[in-house]
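Peer 1: One structure follows; several queries about it will come next.
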Amino acid sequence: MIRTALLSIGAACVGGTLGLLLVVGIGGPSTADLDKDIGSVANELKLARAQRDLFNGGLLGIETNLWVSTLESTNAMLERKRASLLRGIQLFHEDGRGLQPTNEGQFADIDGQIAKALREANASEAEAARYTGGLIQSMALVSAATSRSSVALLEQQRIVLRYDIGIPDPVRHSGSAETLPKPAQVGKPTSDTDALK
37 MIRTALLSIG
47 AACVGGTLGL
57 LLVVGIGGPS
67 TADLDKDIGS
77 VANELKLARA
87 QRDLFNGGLL
97 GIETNLWVST
107 LESTNAMLER
117 KRASLLRGIQ
127 LFHEDGRGLQ
137 PTNEGQFADI
147 DGQIAKALRE
157 ANASEAEAAR
167 YTGGLIQSMA
177 LVSAATSRSS
187 VALLEQQRIV
197 LRYDIGIPDP
207 VRHSGSAETL
217 PKPAQVGKPT
227 SDTDALK
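Written out as structure tokens, the structure reads:
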């Protein structure tokens with residue numbers, strides 16, 4: 037009898053705690069949403085890595101490396117957020133603030149920029165497909181890779197807003213913008229007419 041009562045009390049405590057966690061929650065999208073975004077980024081990362089392997093070196097290689105690096109960074113942020121949700125750890129920003137509300141206007145603006153960059157990438161890829169090589173195809177491929185990198189950065193920005201992922205402020209860690217050292221001037225300034233003398 038006492039054992040049954042203790043088990044009932046224990047079950048009620050565990051159930052109450054789980055219910056409280058579900059009601060209070062950590063806020064923001066669910067782990068299912070995170071898993072969907074992680075899968076989407078993983079698929080795009082496969083595509084970006086395949087593209088990078090095709091174009092090793094040069095400007096096109098640099099652009100595809102930027103695309104891959106951005107996606108890897110986005111994936112790491114999502115995995116960190118997922119781990120924090122599964123373990124019940126609330127991530128805070130450096131200034132101590134918690135989850136910050138976002139408005140739909142921010143998402144609409146980013147979505148518009150993503151759509152524009154995707155149109156530019158598709159147009160550049162179609163232009164590149166018209167040629168079998170040469171400078172025009174190379175420039176079209178560079179333009180497409182630049183647009184794909186822009187899309188990855190914009191999607192990362194959208195994910196940061198959606199999941200309220202804190203990103204360190206480099207100025208805050210290195211001092212204010214006013215205290216950063218000014219770059220040294222190289223050479224002596226000349227006018228255009230004296231440049232070739």
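Per the numbering used here, residue 37 is the first one in the sequence shown, and the count goes up by one each step.
We treat Cβ as the ideally placed atom computed from N, Cα and C, and that holds for glycine.
1. From which residue to which residue does the alpha helix (DSSP H) around F143 run?
2. Judging by CA-CA distance, which residue of R118, L154 and V178 is the nearest neighbour of A164?
3. Can you tell me where the alpha helix (DSSP H) holding K224 begins and where it ends?
4. Quick one: what does DSSP say I234 is sitting in, helix, strand or coil?
5. Mind checking Q87: buried by the 16 CB within 10 Å criterion, or exposed?
6. For the candidate residues L107, A157, E191 and A78, whose alpha-carbon lies nearest to that of D147?
7. Just the C-alpha distance for S227 and G169, rounded to the nearest angstrom, thanks.
8. Can you list, in chain order, the residues of its chain with a C-beta nearer than 7 Å to that of A157? Leave out the 5 residues immediately preceding and following it.
9. What residue ranges within the segment 55-126 form continuous alpha helix (DSSP H) runs of no fewer than 4 residues, ordered along the chain?
10. Leaving aside the five residues before and after G141 along the sequence, list all residues of the same chain whose C-beta is less than 6 Å from its C-beta, in chain order.
11. Give me the Cβ distance between V77 and T110, rounded to the nearest whole Å; I'm assuming they're in contact under 8 Å.
Peer 2: Judging by the given coordinates:
1. E140 to A165
2. Comparing Cα positions, the closest option is V178.
3. Here K224 belongs to no alpha helix (DSSP H), and DSSP marks it neither H nor E.
4. Because the chain is modelled from 37 through 233, residue 234 falls outside the range shown and cannot be assessed.
5. The residue in question, Q87, is buried, as its Cβ has 16 or more Cβ neighbours within 10 Å.
6. When each option's Cα is compared against that of D147, the closest is E191.
7. 40 Å
8. A180, S183, R184 and V187
9. The DSSP assignment places 67-90 and 94-122 as complete runs of the alpha helix (DSSP H) inside the segment 55-126, in order along the chain (cut-off: 4 residues).
10. none
11. 5 Å
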